[in-house]
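Scroll down for the structure; my scribbles are underneath it.
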């Protein structure tokens with residue numbers, strides 16, 4: 003019985019240790035050269051600028067400077 007408790011505790015420690023392993027914080031998608039069109043920057047969980055105006059077919063580039071992934075969606079149907 004004591005042997006089973008020891009094995010269970012060792013297994014729990016191993017599982018908890020893998021949860022603390024480091025992760026790569028480098029953003030997967032980076033933009034090295036942004037030219038033309040509008041640019042939205044996401045940093046500290048905020049968008050900058052707060053609003054933009056673009057014409058039909060104009061390119062909008064989103065640069066994510068956070069370590070978390072983000073998406074950009076419209077809350078108005080048919081507008082984006």
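Numbering (our numbering), first residue to last: 3 to 82.
Glycine included, each C-beta is placed from N, C-alpha and C at the ideal position.
What residues are listed by DSSP as bridge partners for residue 74? Here the question's residue 74 lines up with position 72 in the chain shown. Looking at the DSSP assignment, residue 74 forms no beta bridge with any residue, so it has no partner.
Starting from residue 45 and walking both ways along the beta strand (DSSP E), at which residues does that stretch end? Numbered from its first residue, the chain shown carries residue 45 at position 43. Unbroken beta strand (DSSP E) run through residue 45: 40-45.
Which residues share a DSSP beta bridge with residue 81? Your numbering for residue 81 matches position 79 in the chain shown. DSSP output for residue 81 lists no bridge partner at all.
Quick one, are the C-beta atoms of residue 64 and residue 42 less than 7 Å apart? Within the chain shown, the letter at position 62 stands for residue 64. Within the chain shown, the letter at position 40 stands for residue 42. Cβ distance < 7 Å, so residue 64 and residue 42 count as in contact.
Output the boundary residues of the beta strand (DSSP E) element that contains residue 56. On the chain shown, position 54 is the one that residue 56 refers to. Counting along the chain, residue 56 falls outside any beta strand (DSSP E), and DSSP gives it neither H nor E.
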